[in-house]
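For the record, the sequence lines run as chains A and B.
Each residue of the first sequence is one higher than the one before, starting from 1497 at the first, in the working numbering.
Each residue of the second sequence is one higher than the one before, starting from 16 at the first, in the working numbering.
Read through the structure below, which is laid out as structure tokens, and then see the notes.
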Amino acid sequence: MRILDFVKPKELARVARLQMLAREVVEGYCTGRHRSPHKGFSVEFKEHRQYVQGDELKNIDWKVFAKSDRLFIRQYEEETNLRCSILVDQSGSMEYGGTRSVEGLTKREYAVRLSAAIAYFLLGQQDPVGLITFDNEIRNQVPLRSRPSHLRAILTALLSNHDRRETDLGNVFRKVITKLGKRGLVVILSDSMGDIESLSRSLAQMRAARHEVIFFQILDPDEVDFPFTGRVQFKDLELAAPEQMVDARVLGDAYRQRLLQHNDDLKEACRRSRVDLVQVTTDQPFVDVLHEYVAARRRLTR
Amino acid sequence: MNLLNGVLAFGALAFSIPLVIHLFFRSRFQTIDWGAMHLLQAVVQVNRRRMQLANLLLLLLRCLIPVILAFCLARPVWTGLKAVAGDTPKTLIIAIDDSRSMSLTPQGQPSLLEQAKEQLRSVLGELSRRDEVILVRSSRVASVPSKMGVSEALTKLRKLSPEGGPTTIGQLLEAAVVAAQDATHRRRQIVLLSDFQECIIDATSLETAQRVADETKVLAGQGVETYFDFIDLQPDWDAINNVSVDSVSVQSPVVVRQRAGVYEATIRNSGEAAANDVRLVWSIDGQSLDPRTISVDAKSVVTNRLTQTIDDPGQHLVTAMIDRSDMLIEDNHRGVVVDVMSAVNVLLVDGKPSSRPLGGQADFLAIALSPFAFGGDDRPDPVKSSVVTVDQMPASISEDAPRVVILADVPALQPEQRSTLVDFVNQGGALVVFDGPDVDIETYNATWQADGQSLSFPAVLGTVNQTAQEDSDQGLDSAKLSFSIDRPNPQYDPWKVIANGNGNPFSDVTLNAYRRLSFDKTLSPEAQSAKRVLMQTTAGDLLAVAAPVGEGTIVQFAFTANDAWSNLPLRPVFLPMVSQMVLDLAGKREQWDIPVGQPLVLDSSDFEATDLEASDNSIRWSVTLPDGEVAQAMPSGDEVLRFTDTYQEGLYTIARRSAMDNQTAAKSVPSVVRLVSVDANESSLRGAGQQQIDRLRESLQASLFDDASGLNAADRTRQFGREIWRWLWCVLLVALVAELWLQQNVLAKRRVQGGIR
């Protein structure tokens, strides 16, 4: 099992170029009680400020003092290790794959690939990466590690067996929060099919635990524009619910309206919790999505 | 519900076409494993019920359209919950009012009867050959109508003329229902055509209608269906223009030849405008007298008197005719038959004849009854009186055939004399009894019996009431000490001529004595009420009492006919008093006038004694009708002739002749005449109120139609049910529009708007 099974070499190359940047300072392994092992390498000058009593003397810029006869302190922007937990939705609804998606992937397969790419990319930065797969419960959990060999464990977990269970994002996320540990980056890959209200509360809790959250909402193009016509029998992928025989043409608009409403609710929930929402359809190359997101984050950071 | 084109109803099976199409499309669908059921479910739940309802409605409409179309083409008829008669034959009973008022001819229209005939022709035109018709005419409700076919009915209808008298709707209905009992078919339609004149709908009619309705219900239980229809032929009563002669009567109590008789005609103007300068022509036996001109105000009545002498004794026809064209011409003339007598025979029975002048009991009466003869005048007296003794009386009665017998102070009568009088009075003679000192009270207070007939006097005789002065011979002329007579009974017509305005004609009469008369209180109230007091004292004692006995009359006086008890015979008032009373008593109150349609009843006594003494079998009766036709008639036993064919107005001459008398046809034969006339009520042109008609209609559950077309349509509905394809067409149209609207506006709009509302 290799990363190339999930990500093509060409895409992988693009992934490697990506820089995952945290918008906020995330508490890493090397700050706090221990000194950083890569001192001077990873420290970037930020600004000077006037010395006040109590500042450590070692931070005084003596060169400036020599020039100006004033005491200034050099301030550095510290880089920390990014603790990234990837939450992958493996519920039944993620099993839908339309004809227009990339290589006919289902949403779950798409999410798997995307998460593999992210893991690979972060491990490449030697950031610790963990994985949690879930449907209505937590199904698999891979702890945070920064070793490159950890990728294999993540990939294994991603490919583990999955049943078509229903989604209950709100509940699951509440359980997940307890397992995330220290604050870090949480990447959620889900189609967000569920109660937005409950989800909203969970996201708020997550944010309260000072996690940085990126929500990738993965939808199939069919789910977005509902291209069906004529009499269609819709079978639920999650539950053995009664099949719905509908006149798709009649329902199309109503459905799109409902989806719009749903997405608006989700956006609103994310905005309130200051969660980054990335809406993705499976017909987009996932690396592009990742790239665009990172670029956007970088722009915001600068 | 019946279908006229039942086969086409199978077209309703076409409803399966949209159903099959629906099911066919329902079976074609694709299955998709869907993830976002979370979103879809909500939409489906919101829309499913609405969509299903709309779709179901659309499917129903589409199924309904071919069904309605098929039903339209199948021509359904609505019959309610009843079974319809269909083609079963029926009996049409035409109850037609052919009274005179139906000859009313409104301005610019045919007469009401002609209108009725026109309507009936239309009704008859709808009948099939199996149907039968019974024609019941209001003028002949008593006769038994016959069943006939349509063509015969049309012929009879053509001959129908409005000459009947007023027959109430009740009688007509009853006759129609009786006629319906003979109907062959179990389905009976009674069509009543009338102008619904006021006089023909009375309370009895409404009761009869209710009874008839009850009988009909009973019959309905036995499977005989009877229904009533009215055709209303009422004219615009307010626009009536008619002057009619309502009556012609003889005012004189008796008409004697060569003496003036008084006749009176009543002329009514029913119109809203006054009738001025109307020519009124009196005629006697067809000989017109000089015309007169009269004016009659709107809605009023005038009387016109004719005083005319008729020279020849016998029956004469006096007619009054109005020369005016109005809406009802038939009632512009009317007549009366007058029996002109040569003289009235009066037999005076003197109970105490005397050789002295005016000494007898009846002498004053003889003078009072024949004043011209007494005075040597040439002029004829109306009364021919003869004075006889009691013993001569029976013989004189049989010989002279007097109309009036006057007993003056007749003390007592032998049984045979009594029986003669009993027969005389019971057969119509008039008996006048004057009191006197010799009268045997017991004789007059007893009831006289003879041959099963009886005679009792109106008052019971008591003692003589005299003034005390008479006993002491102080003279008769003591006015203070005499009884005074009150004014005569104003209700007694003959004595109206002696009435002296408000004064008392008897004020100068002194009455010294009179017999106490009293009524027998034990008699029945009817017998009591039949008695009339003609004269009484101012104190209230009876002086003259009259009462009918058998067919005759008895008048009893409490005083004498001579001047023994009073000076009345010496007074001028005595002559007119006695002569008018005698003429009134002599006048035969026989009914010469017969209402149209009533049978003519005659027996030998109606003829003067003739030489026809042959056996009954050899006597032939013949009746000459007003139109000149001669009908032979046979007496129906007892020598009584009943002639029922009196449906024409006019003079009927009934002759009786011997069978062996044919060769002497030219010789005058004894005959009597009867005048058949239509009741004046027929000229009373007022309509019964709509309320009355409605009550009548409601009690019979009848339908009222203005013309035959409405009746025919209603009858077709009754027979076959109501065709409802027009309504179905409307429903179809509505269904089509609804289908289009539902498809275009509801379903299509939902598609466009996404269906969420």
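Yeah, the Cβ is synthetic: ideal placement off N, Cα and C, and Gly gets one too.
Bear in mind the structure is a predicted one, so any value in this text is a computation, not a measurement.
Discussion item. For a test of the three-state rule: what should DSSP assign to residue 332(B), helix, strand or coil?
Written reply: By one-based count along the second sequence, residue 332(B) stands at place 317. Strand at residue 332(B).
Worksheet item: For residue 756(B) and chain A, any beta-carbon pair shorter than 9 Å?
Response: Taking the second sequence and counting its residues from 1, one reaches residue 756(B) at position 741. No, residue 756(B) does not count as interfacial toward chain A.
Discussion item. Assuming contact is defined by CB atoms lying nearer than 9 Å, are residue 524(B) and residue 597(B) in contact in what I supplied?
Written reply: Numbered from 1 along the second sequence, position 509 holds the residue referred to as residue 524(B). Numbered from 1 along the second sequence, position 582 holds the residue referred to as residue 597(B). Against a cut-off of 9 Å, the Cβ pair of residue 597(B) and residue 524(B) comes out as no contact.
Worksheet entry | residue 1580(A): first and last residue of the uninterrupted beta strand (DSSP E) it sits in | Mapped onto the first sequence, residue 1580(A) falls at position 84. Per DSSP, the continuous beta strand (DSSP E) segment holding residue 1580(A) begins and ends at 1580-1585.
Discussion item. I need the straight-line Cα distance from residue 52(B) to residue 1720(A), nearest angstrom please.
Written reply: Indexing the second sequence from 1 puts residue 52(B) at position 37. Indexing the first sequence from 1 puts residue 1720(A) at position 224. One C-alpha to the other measures close to 13 Å.
Worksheet item: Is residue 39(B) close to chain A, meaning its C-beta is less than 9 Å from at least one C-beta of that chain?
Response: Within the second sequence, residue 39(B) is the residue found at index 24, counting from 1. With its beta carbon at least 9 Å from every one in chain A, residue 39(B) lies outside the interface.
Worksheet item: What separation, rounded to the nearest whole angstrom, lies between the Cα atoms of residue 610(B) and residue 158(B)?
Response: In the second sequence, counting from the first residue as 1, residue 610(B) sits at position 595. In the second sequence, counting from the first residue as 1, residue 158(B) sits at position 143. Cα-Cα distance, rounded: 16 Å.
Practice prompt. Could you say which of 748(B), 247(B) and 33(B) lies nearest to residue 707(B) if we only look at CA atoms?
Written response: To locate residue 707(B), count along the second sequence from 1; it is residue 692. The shortest Cα separation from residue 707(B) among 748(B), 247(B) and 33(B) belongs to 247(B).
Worksheet item: What runs of the beta strand (DSSP E), each 3 residues or longer, lie entirely inside the region 145-207 of chain B?
Response: With a minimum length of 3 residues, the continuous beta strand (DSSP E) runs that stay inside the region 145-207 of chain B are 147-152.
Item to complete: Reducing DSSP to helix, strand and coil, say where residue 663(B) ends up.
Response: As a position in the second sequence, residue 663(B) is number 648, starting the count at 1. When secondary structure is reduced to three states using DSSP, residue 663(B) falls in the coil class, being assigned neither helix nor strand.
Worksheet item: Nearest-angstrom Cα distance between residue 555(B) and residue 449(B)?
Response: As a first step, residue 555(B) is located in the second sequence; it is residue number 540 there, counting from the start. As a first step, residue 449(B) is located in the second sequence; it is residue number 434 there, counting from the start. The straight-line gap from Cα to Cα measures roughly 19 Å.
Worksheet item: Below 9 Å between beta carbons: does that hold for residue 702(B) and residue 212(B)?
Response: What you label residue 702(B) is simply residue 687 of the second sequence in a count that begins at 1. What you label residue 212(B) is simply residue 197 of the second sequence in a count that begins at 1. Going by C-beta atoms, residue 702(B) is nearer than 9 Å to residue 212(B).
Discussion item. Using the Cβ count rule (16 or more neighbours within 10 Å means buried), how would you classify residue 568(B)?
Written reply: As a first step, residue 568(B) must be located in the second sequence, where it is residue number 553. Residue 568(B) is buried by the Cβ-count criterion.
Worksheet item: Looking at the structure shown, is residue 1708(A) part of a helix, part of a strand, or coil, going by DSSP?
Response: One-based indexing of the first sequence puts residue 1708(A) at position 212. It is a strand residue.
Worksheet item: Can you tell which of 19(B), 281(B) and 131(B) has its C-alpha closest to the C-alpha of residue 111(B)?
Response: Working through the second sequence from its first residue, we reach residue 111(B) at position 96. Its Cα nearest to that of residue 111(B), the residue 131(B) stands out among 19(B), 281(B) and 131(B).
Worksheet entry | Proximity winner among 300(B), 315(B), 316(B) and 382(B), relative to residue 355(B) (alpha-carbon distances) | As a first step, residue 355(B) is located in the second sequence; it is residue number 340 there, counting from the start. Relative to residue 355(B), the option among 300(B), 315(B), 316(B) and 382(B) whose CA is nearest is 300(B).
Worksheet item: How would you write the range of the alpha helix (DSSP H) that residue 1616(A) sits in, first residue to last?
Response: Stepping through the first sequence from its first residue, residue 1616(A) is reached at position 120. Residue 1616(A) -> alpha helix (DSSP H) spans 1603-1620.
Worksheet entry | Amino acids of chain A, ordered along the chain, whose beta-carbon sits closer than 7 Å to that of residue 854(B) | With chain B running from 16 to 772 in the structure shown, residue 854(B) is simply not present.
Item to complete: Determine the contact status of residue 87(B) and residue 744(B), defining contact as a CB-CB distance below 9 Å.
Response: Here residue 87(B) refers to the residue found at position 72 of the second sequence. Here residue 744(B) refers to the residue found at position 729 of the second sequence. Yes, the pair counts as a contact, with Cβ atoms nearer than the cut-off.
Worksheet entry | Nearest candidate by alpha-carbon position, reference residue 278(B), set 351(B), 225(B) and 315(B) | Residue 278(B) sits at position 263 when you count from the first residue of the second sequence. Comparing alpha carbon positions, the residue from 351(B), 225(B) and 315(B) closest to residue 278(B) is 351(B).
Worksheet item: Using a Cβ-Cβ cut-off of 8 Å (strictly less than) and excluding sequence neighbours within five positions of residue 757(B), which residues of its own chain qualify?
Response: Start at 1 with the first residue of the second sequence, and residue 757(B) comes out as number 742. The residues are 69, 72, 73 and 76.
Item to complete: Would you be able to state if there are at least three C-beta pairs under 8 Å between the region 1642-1659 of chain A and the region 1605-1623 of chain A?
Response: Because the criterion of three Cβ pairs below 8 Å is met, the region 1605-1623 of chain A and the region 1642-1659 of chain A touch.
Worksheet entry | Within the region 207-252 of chain B, ranges of the alpha helix (DSSP H) (whole runs, at least 4 residues) | At a cut-off of 4 residues, the continuous stretches assigned as alpha helix (DSSP H) that sit fully inside the region 207-252 of chain B are 218-236.
Discussion item. Rounded to whole angstroms, what is the Cα-Cα separation between residue 1625(A) and residue 1708(A)?
Written reply: For the purposes of this step, residue 1625(A) is taken as residue 129 along the first sequence, with counting starting at 1. For the purposes of this step, residue 1708(A) is taken as residue 212 along the first sequence, with counting starting at 1. Residue 1625(A) and residue 1708(A) have their C-alpha atoms spaced approximately 14 Å apart.
Worksheet entry | Nearest candidate by alpha-carbon position, reference residue 497(B), set 552(B), 148(B), 180(B) and 647(B) | Sequence index remark: in the second sequence, residue 497(B) carries index 482 (1-based). If we check each option's Cα against that of residue 497(B), 552(B) comes out closest.
Discussion item. Counting only beta-carbon separations shorter than 9 Å, does residue 773(B) have a partner in chain A?
Written reply: The structure shown does not extend to residue 773(B), since chain B is modelled only from 16 through 772, so no value can be given for it.
Worksheet entry | Interface residues of chain A facing residue 58(B) [CB-CB closer than 7 Å] | Here residue 58(B) refers to the residue found at position 43 when the second sequence is read from its first residue. Listed along chain A are 1747, 1750, 1751 and 1754, each with a C-beta nearer than 7 Å to that of residue 58(B).
Discussion item. So within the region 515-559 of chain B, which uninterrupted beta strand (DSSP E) runs reach at least 3 residues, ignoring any that extend past its ends?
Written reply: Here the runs fully enclosed are 528-533 and 547-551.
Discussion item. I'd like to know whether the C-beta atoms of residue 320(B) and residue 695(B) end up nearer to each other than 9 Å.
Written reply: For the purposes of this step, residue 320(B) is taken as residue 305 along the second sequence, with counting starting at 1. For the purposes of this step, residue 695(B) is taken as residue 680 along the second sequence, with counting starting at 1. Not a contact, by the Cβ cut-off of 9 Å.
Practice prompt. Below 6 Å CB to CB, which residues in the same chain sit around residue 723(B) once its five sequence neighbours on both sides are set aside?
Written response: For the purposes of this step, residue 723(B) is taken as the residue at position 708 of the second sequence. Only 134, 137 and 138 meet the Cβ criterion.
Item to complete: On the DSSP bridge assignment, give the partners of residue 1730(A) in chain order.
Response: In the first sequence, the residue the question calls residue 1730(A) occupies position 234. Answer is 1740(A) and 47(B), bridged to residue 1730(A).
Worksheet item: What's the gap between the Cα of residue 681(B) and the Cα of residue 179(B)?
Response: Working through the second sequence from its first residue, we reach residue 681(B) at position 666. Working through the second sequence from its first residue, we reach residue 179(B) at position 164. Low confidence applies to residue 681(B): its pLDDT is 45, below 50, so where it sits in the model is not reliable, and the reading given next is rough at best. Approximately 34 Å, taken between the alpha carbons.
Worksheet item: By DSSP, does residue 1674(A) sit in helix, in strand, or in coil?
Response: Translated into the one-based positions of the first sequence, residue 1674(A) becomes position 178. Reduced to three states, the DSSP call for residue 1674(A) is helix.
Fill in: At least three beta-carbon pairs within less than 8 Å, the region 379-390 of chain B to the region 296-313 of chain B
Two segments are said to touch when three or more pairs of C-beta atoms, one from each, lie closer than 8 Å; by this definition the region 379-390 of chain B does not touch the region 296-313 of chain B.
Worksheet entry | Boundaries (first-last residue) of the alpha helix (DSSP H) holding residue 1559(A) | Here the question's residue 1559(A) lines up with position 63 in the first sequence. Taken as a continuous stretch (DSSP letters only), the alpha helix (DSSP H) holding residue 1559(A) covers 1558-1564.
Worksheet item: Near residue 1633(A), what residues of its chain come up, given a Cβ to Cβ distance below 7 Å and the 5 sequence neighbours on each side ignored?
Response: Locating residue 1633(A) in the first sequence gives position 137, where the first residue counts as 1. Hits under 7 Å: 1668.
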